[in-house]
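Novice: First the structure, which I've put down as structure tokens, then a few questions once you've had a look.
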Amino acid sequence: MPDPGLTKTRFAEGVWEGVLHLPGRAEPPVIEAVHHAMPAPGRAGETRALPAPVLTAADGLGTWHLRLDVPASVLGEGVQTVVLREAGAEATLAVFSILADSPPHGDVLAELAHLRAELELLKTAFRRAERGRQTR
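In terms of the numbering used here, the sequence shown has 626 at position 115, counting the first letter as 1, and numbering is strictly consecutive.
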């Protein structure tokens, strides 16, 4: 049985796809996509909700195919990060970033976005471990 989580299968032609495993769940969860913009220096960042990804049943209980059509409004100057998570939950299921029109220091911006995404994953893992420790 696969571990719980969301595994990316491909990202092409503006469509991010993955397989969501939530063992034991019969009903599909509500997944939300949130866009975090970190534009070029001197501009304010923003966070906004994107249209919900589409879930279709896959083989096995608790497994769904997820498809997110990335809107053109996400594309822009700077680093654009999309976070996928279950609605109402703190846990991050997946994160991906898009870097466009990079200035000379663009690699630093991409690395910062990547580090932020990794930090989110670490926070989720620590919270999960702490909850498991508290229930013992």
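We put the CB at the ideal spot given by N, CA and C, even for glycine.
Leu531 by DSSP, collapsed to three states: which one?
Specialist: In this structure, Leu531 counts as strand in the three-state DSSP scheme.
Novice: Apart from the five residues just before and just after Val541, which ones in its own chain have a Cβ nearer than 6 Å to its Cβ?
Specialist: For Val541, where only same-chain residues beyond five positions count, the Cβ hits under 6 Å are Ala598.
Novice: When you compare each of Glu538, Phe522 and Gly516 to Val530 by their alpha carbons, which one comes out closest?
Specialist: Val530 has its Cα closest to that of Gly516, out of Glu538, Phe522 and Gly516.
Novice: Just tell me which of Gly643, His546, Glu631 and Thr558 has its CA closest to the CA of Ile609.
Specialist: When only C-alpha atoms are compared, the closest one is His546.
Novice: DSSP three-state call for Met512: helix, strand or coil?
Specialist: Note on Met512: pLDDT 49, under 50, position unreliable in the model; the coordinate value appears next. Three-state result, Met512: coil.
Novice: Where Arg596 and Val585 are concerned, what is the direct C-alpha to C-alpha distance, given to the nearest angstrom?
Specialist: Cα to Cα, Arg596 sits roughly 17 Å from Val585.
Novice: What residue range is occupied by the uninterrupted beta strand (DSSP E) comprising Ser584?
Specialist: Ser584 -> no beta strand (DSSP E), and no H or E assigned at all.
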